[in-house]
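Visitor:
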Amino acid sequence: MNHYLHFVRVDQNKCLGRMKCMRVCPTQAIRVKGGKAKIDEEKCIDCGECITACPTEAIVPLTDPFGELTKFRHTVAIPSPALYAQFGQKITPGKILNGLKKLGFDDAYDLAFSCGEVSFALQEYLRENEETKPLIINTCPTVVRLIQVKYPSLINHITPIDIPREIAGREVKQKKSKQYGLKDKEIGAFYITPCPAKMISIKQPAEKEKSYLDGAISISDIYGPLLSAMENSDSEESDESIDNLCILGLGWAMAGGISRTLKLKNSLTVSGLPEILKVFDDMERGKLQHIDFIEAYSCLQGCIGGSLTVENLYISYNKVLRLIEELELKKIKKCPDVREVRKKYSEGYFFKKHKLRPRPLKPLNDDLTEAIKKRKEKEKLYKKLPKIDCGACGSPTCEAFAEDVVKKESSILDCVFMLPKKLRDLSKELSGLLNKTKPINNTEQNNIKHEEKGK
Amino acid sequence: MKDKENVLAQKFEIKGRDFGRAGNISSKIKEILQETGISTSIIRRAAIATYEAEMNVVMYANKGIFYFSLDPDSIRLKIDDKGSGIKDIALAMKEGYSTATEEYREMGFGAGMGLPNIKKNADKFTISSHPGRGTSLEILFFLNDSESL
Chain W
-9 MNHYLHFVRV DQNKCLGRMK CMRVCPTQAI RVKGGKAKID EEKCIDCGEC
41 ITACPTEAIV PLTDPFGELT KFRHTVAIPS PALYAQFGQK ITPGKILNGL
91 KKLGFDDAYD LAFSCGEVSF ALQEYLRENE ETKPLIINTC PTVVRLIQVK
141 YPSLINHITP IDIPREIAGR EVKQKKSKQY GLKDKEIGAF YITPCPAKMI
191 SIKQPAEKEK SYLDGAISIS DIYGPLLSAM ENSDSEESDE SIDNLCILGL
241 GWAMAGGISR TLKLKNSLTV SGLPEILKVF DDMERGKLQH IDFIEAYSCL
291 QGCIGGSLTV ENLYISYNKV LRLIEELELK KIKKCPDVRE VRKKYSEGYF
341 FKKHKLRPRP LKPLNDDLTE AIKKRKEKEK LYKKLPKIDC GACGSPTCEA
391 FAEDVVKKES SILDCVFMLP KKLRDLSKEL SGLLNKTKPI NNTEQNNIKH
441 EEKGK
Chain G
24 MKDKENVLAQ KFEIKGRDFG RAGNISSKIK EILQETGIST SIIRRAAIAT
74 YEAEMNVVMY ANKGIFYFSL DPDSIRLKID DKGSGIKDIA LAMKEGYSTA
124 TEEYREMGFG AGMGLPNIKK NADKFTISSH PGRGTSLEIL FFLNDSESL
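Set out below in structure tokens:
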């Protein structure tokens, strides 16, 4: 039995069993039993919807506290490009990187360059793999997990090129260990993350390999301190021009950005899980064979819509777009050299070391004959249920409840409609019995008649 | 004859031109196959075949009935529709042949891949048609490798 680590945890003391999480969970991984939410680790894809939905803050993401930094001799912050979109137009990426250093990191690494490298590598891969189109970008860990769990047949469509944050982590460790004569593990590479899903992709990558990053700190945790660090900083010491930014990197923060910066002609962009499900359903039916490339993000509008961001995501979108537009007009484009990337690509530098494997859900039974029986049982039971998906039983839908009963994880009497029905049936049976039996004496029968009239 | 207890059978009705609900049957069947632990590659093939078969009824017939059954050895699909039928089956089975209107092509359908695609993905495929009355498809997937040989 596999055990999957998840970044979400339910604080049993804070959970009041209000079922908001259960209703928003896109994979129906949550049940409320005994008044407390429980997450099924096999079904959870780390999307973070439950964190946002919880009214009592009982579901907490496991991002790293700031204190983790002291464990390393040299620390480097690697911010998601989404961080650049959190502040006003005047606060440039250069200023933000400088602010991070003021906060206690020994260095801050701009991810844009790695994004540029990966963009070129992707172009190569797309060219070489026409027959597996459409290819799906692997940058969103929730999308990767969704495919592993619900669309295992699409797994070959996910790009096997490593994501920019991992490439950057590898680069940082290599450079810094040489520069300072330190061991890899003495260098702490921290990702500044817009969403909790990336945390788990660092702690337990979907491909079961080790991450080059050491942890993730949420944008919302670092936002306040970073803002004051930037206010106090001397504007002369930080690089405020955007000339050193690679244009190919900014797009990675927002939905459609990769296709735009790579100038891909035939791509499809989708964000938000319910919409992604529709697109993947169509893809599985063979409807998207004319599309080359799919950008899918679990959060609306891409990473700038992550649950750990601060700024309104549409304002963030506007900022990233304006930065890209500004850079498109500039002559200086500090991007990686294509020839160099192609060379590294042919050497296999950008490829993930392990193959992504499907994680299909456990069937109703391992034996097909038994599983068919269980499925029939489930359908029979479902027909009897009220089908209003009230959730009072602790399962998100009547259908999920039928499955839980068949799996013996719930009792049929957990359904608030089934219990009165059962009681009614019982009372009918009782009164039937009562009518059949001869009265013990006349007084008793008179009493019963009297009561019935009284109703 | 299969032991009835081991057979999961369902019947779906399809209305012609009902594009809003097109795809629902293949979603439902996929869900059943996933829950019963059918292998990923068979699910994929079945998903494509069911969808194409469903779309054929939606696009070209007035109405149809879609029978699905699953037993420990096979997945069986039978689709009977009432509609114009197919005059020349051999021609309809050719890749790229299509009678789809311009509108359907605009929507990404009618590339003349429907029937050949079903045949390509199924382990066994039979088609019969009465022009002016309707078409019947039978699609089979074998769940044990030995049987598919």
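Protein chains in written order, with my numbering: chain W, -9 to 445; chain G, 24 to 172.
A virtual CB, placed ideally from N, CA and C, is assigned to each residue, including glycine.
Since the model is a prediction, treat every value here as computed from it, not as a measurement.
1. With a threshold of 7 Å between beta carbons, is G/T158 in contact with chain W?
2. Using a C-beta cutoff of 7 Å, does G/L31 count as contacting chain W?
3. If you draw a straight line from the alpha carbon of G/S49 to that of W/T183, how long is it in whole angstroms?
4. As a quick exercise: from W/S257, W/V162, W/I294, pick the residue whose alpha carbon is nearest that of W/H280.
5. If you reduce the DSSP assignment to three classes, tell me which class G/R156 lands in.
6. Put G/D96 into one of helix, strand or coil per three-state DSSP.
7. Looking at chain W, is there any beta carbon in it that lies within less than 7 Å of the beta carbon of G/A115?
8. For W/D271, which residues in chain G fall below 8 Å Cβ to Cβ?
9. What residues from chain G crowd round W/T359, counting only those whose CB sits closer than 7 Å?
10. Does the beta carbon of G/A84 come closer than 7 Å to any beta carbon on chain W?
11. Which full runs of the alpha helix (DSSP H) of 4+ residues lie inside the segment 207 to 275 of chain W, going along the chain?
12. How many angstroms separate the CA atom of W/K26 from the CA atom of W/E393?
13. Looking at W/L298: is its Cβ nearer than 7 Å to the Cβ of W/I209?
14. Report the CB separation of W/F391 from W/S400 in whole angstroms; it is logged as a contact under 8 Å.
15. Looking only at C-alpha atoms, which of W/K253, W/D282, W/A286 sits nearest to W/I266?
16. Check whether the Cβ atoms of W/I177 and W/H64 sit closer than 7 Å, and answer yes or no.
17. Taking contact to mean 3 or more Cβ pairs, one atom from each stretch, closer than 8 Å, check whether the segment 374 to 385 of chain W and the segment 348 to 362 of chain W are in contact.
18. Beta-carbon separation of W/Y372 and W/V300 under 7 Å?
19. In whole angstroms, what separates the C-alpha of W/S412 from that of W/K418?
20. For W/Y339, name the three-state secondary structure that DSSP assigns.
21. Given this structure, state the Cα-to-Cα distance separating W/C34 from W/A19, to the nearest angstrom.
22. Flag G/E58 as yes if its beta-carbon sits less than 7 Å from any beta-carbon of chain W, otherwise no.
23. So which residues on chain W does G/S67 lean against when the C-beta distance must stay under 8 Å?
24. Using a beta-carbon distance cut-off of less than 8 Å, what residues from the segment 67 to 93 of chain W approach chain G?
25. On the premise that G/K86 lies in contact with G/K38, defined as a C-beta separation below 8 Å, what is that separation, rounded to the nearest angstrom?
26. Rounding to the nearest angstrom, what Cα-Cα distance links G/L172 and G/S97 in this structure?
27. With distances taken between CB atoms, is the gap from W/V310 to W/A245 smaller than 7 Å?
28. Using the three-state DSSP reduction, which class does W/Y141 fall into: helix, strand or coil?
29. Check the Cβ-Cβ distances between W/R347 and every residue of chain G, and say whether any is below 7 Å.
30. Quick check on DSSP: helix, strand or coil for G/D41?
31. Check whether the segment 94 to 106 of chain W and the segment 318 to 335 of chain W are in contact - that is, three or more C-beta pairs closer than 8 Å.
32. Please name the residues in the segment 364 to 397 of chain W whose beta-carbon is closer than 9 Å to at least one beta-carbon of chain G, in chain order.
33. Does the separation of the CB atoms of G/A115 and G/L138 fall below 7 Å?
34. Around the C-beta of W/Q164, are 16 or more other C-beta atoms found within 10 angstroms, so that it is buried, or is it exposed?
35. Which value, in whole angstroms, describes the spacing of the CA atoms of G/S62 and W/G38?
36. Measuring CB to CB, does W/I49 end up less than 7 Å from W/V14?
Guide: Let me lay it out:
1. Judged by the 7 Å Cβ criterion, G/T158 is not in contact with chain W.
2. It does: the Cβ of G/L31 has a partner Cβ on chain W nearer than 7 Å.
3. Taking the straight line from one Cα to the other gives about 38 Å.
4. It is W/S257 whose Cα lies nearest to the Cα of W/H280.
5. Of the three classes helix, strand and coil, the one that applies to G/R156 here is coil, per DSSP.
6. The three-state secondary structure of G/D96, taken from DSSP, is coil.
7. Cβ-Cβ to chain W under 7 Å: no for G/A115.
8. Here the neighbours are G46, S50.
9. Simply N29, P95.
10. At a cut-off of 7 Å between beta-carbon atoms, G/A84 makes no contact with chain W.
11. The segment 207 to 275 of chain W is shown to contain whole alpha helix (DSSP H) runs of 4 or more residues at 209 to 222, 237 to 240, 247 to 251, 263 to 274, in chain order.
12. Answer to the nearest angstrom: the Cα atoms are 20 Å apart.
13. When the beta-carbon positions are compared, W/L298 and W/I209 come within less than 7 Å of each other.
14. A Cβ-Cβ separation of about 6 Å places W/F391 in contact with W/S400 under the 8 Å criterion.
15. Nearest of W/K253, W/D282, W/A286 to W/I266, Cα basis: W/A286.
16. Cβ distance < 7 Å, so W/I177 and W/H64 count as in contact.
17. Fewer than three Cβ pairs drawn from the segment 374 to 385 of chain W and the segment 348 to 362 of chain W lie within less than 8 Å of each other, which leaves the two stretches out of contact.
18. Judged by their CB atoms, W/Y372 and W/V300 are not nearer to each other than the 7 Å cut-off.
19. Looking at the sequence itself, residue 412 of chain W is Lys, so the reference to Ser does not match. Computed Cα separation, rounded: 10 Å.
20. Correct three-state label for W/Y339: coil.
21. Here the alpha carbon of W/C34 sits roughly 6 Å from the alpha carbon of W/A19.
22. Answer yes: the Cβ-Cβ gap between G/E58 and chain W drops below 7 Å somewhere.
23. It is worth fixing the name first, because residue 67 of chain G is Arg in this sequence and not Ser. Within chain W, the residues near G/R67 are S143, E274.
24. Answer set for the segment 67 to 93 of chain W: empty.
25. So it is a contact: roughly 6 Å between Cβ atoms.
26. Below a pLDDT of 50, predicted positions are generally treated as unreliable, and G/L172, at 40, falls in that range; the measurement from the model is reported next regardless. Each residue's alpha carbon lies about 14 Å from the other.
27. For the 7 Å CB-CB criterion, W/V310 and W/A245 do not form a contact.
28. Three-state DSSP puts W/Y141 in coil, outside helix and strand.
29. With 7 Å as the cut-off, W/R347 does not count as an interface residue toward chain G.
30. Annotated three-state conformation of G/D41 is coil, per DSSP.
31. With the cut-off at 8 Å, the segment 94 to 106 of chain W and the segment 318 to 335 of chain W touch.
32. Residues K364, R365, K366, K368, E369, E393.
33. Yes, these two residues count as a Cβ contact at 7 Å.
34. So W/Q164 ends up on the exposed side.
35. So the two alpha carbons sit approximately 29 Å from each other.
36. Going by beta carbons, W/I49 and W/V14 fall outside the 7 Å limit.
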